[in-house]
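Here is the structure we will look at, set down as structure tokens.
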């Protein structure tokens with residue numbers, strides 16, 4: 001708890017570190033940080049047209065659907081991927097002075113929220129291009145995003161600890177994310193699975209948190225059942241992350 005409070009208290013540090021990470025990634029680039037937007041936009045345009053014809057959906061309906069899903073999946077996948085190196089990346093800081101470990105978890109969240117802010121431009125442009133009106137349910141994206149970030153924070157602590165100790169885990173997590181991409185309703189709709197959707201989507205944590213955020217932008221009111229499942233998963237994650245972090249946080253420096 002001391003580490004958690006100190007980490008949140010050091011907001012200037014993790015905010016500046018997150019901003020600097022994005023600046024350094026695109027340093028000396030002509031387009032700079034808008035390469036994030038450009039690369040995601042090219043992916044949505046290319047995949048959107050192909051899969052619209054593949055699934056026999058109208059392009060003007062499918063691309064807005066896909067753009068929203070890809071943008072928020074990029075947030076989820078980005079946080080989990082960055083979590084594998086959250087402490088090893090901060091090794092030169094942690095090796096010099098005693099700093100709250102949770103501050104570097106917040107650094108990951110800030111970095112990926114900045115990526116999200118760049119990618120939201122794609123949703124705006126796609127909606128304008130295809131004449132899609134912003135639904136009244138769109139306001140529910142904000143509370144859903146808070147719930148998603150809470151789960152991401154707990155996941156980042158657990159993944160960061162385990163990946164610092166076991167250096168083969170990052171490759172395993174990368175492979176699991178690739179599988180999760182196809183098992184989550186990103187490029188396909190839940191209705192396409194029919195009665196079997198419950199087994200693939202209902203017990204898939206990636207699908208639960210993604211649907212929680214994207215469904216309001218698809219014009220659907222948030223389901224209390226979906227929120228209930230999300231909070232059950234968060235409670236389980238907290239029961240794993242809290243004792244694990246309390247037990248091994250002091251050993252992180254020795255594992256770097």
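Residue numbers (full-length UniProt numbering): 1 to 256.
Using N, Cα and C, we set each Cβ at its ideal position, and we do this for glycine too.
- Contact annotation: residue 205 and residue 144 have beta-carbon atoms that are not nearer than 8 Å.
- Cβ-Cβ distances below 8 Å link residue 192 to 55 in the same chain, with the five nearest sequence neighbours on each side left out; the list follows chain order.
- Spatial neighbours of residue 221 in its own chain (CB-CB distance under 7 Å, excluding positions within 5 residues in sequence) are listed in chain order as 137.
- Where residue 61 is concerned, the enclosing alpha helix (DSSP H) starts and stops at 59 to 83.
- Of the residues assessed, residue 195 falls on the exposed side of the cut-off, its CB having fewer than 16 other CB atoms within 10 angstroms.
- Excluding the 5 residues flanking it on each side, residue 197 has same chain C-beta neighbours closer than 8 Å at 190 and 191, in chain order.
- The three-state reading of DSSP puts residue 134 in coil, since its state is none of H, G, I, E or B.
- The three-state reading of DSSP puts residue 100 in coil, since its state is none of H, G, I, E or B.
- Here residue 252 has 87, 94, 101, 161 and 164 as same chain residues with Cβ atoms under 8 Å from its own Cβ, once five neighbours each way along the sequence are excluded.
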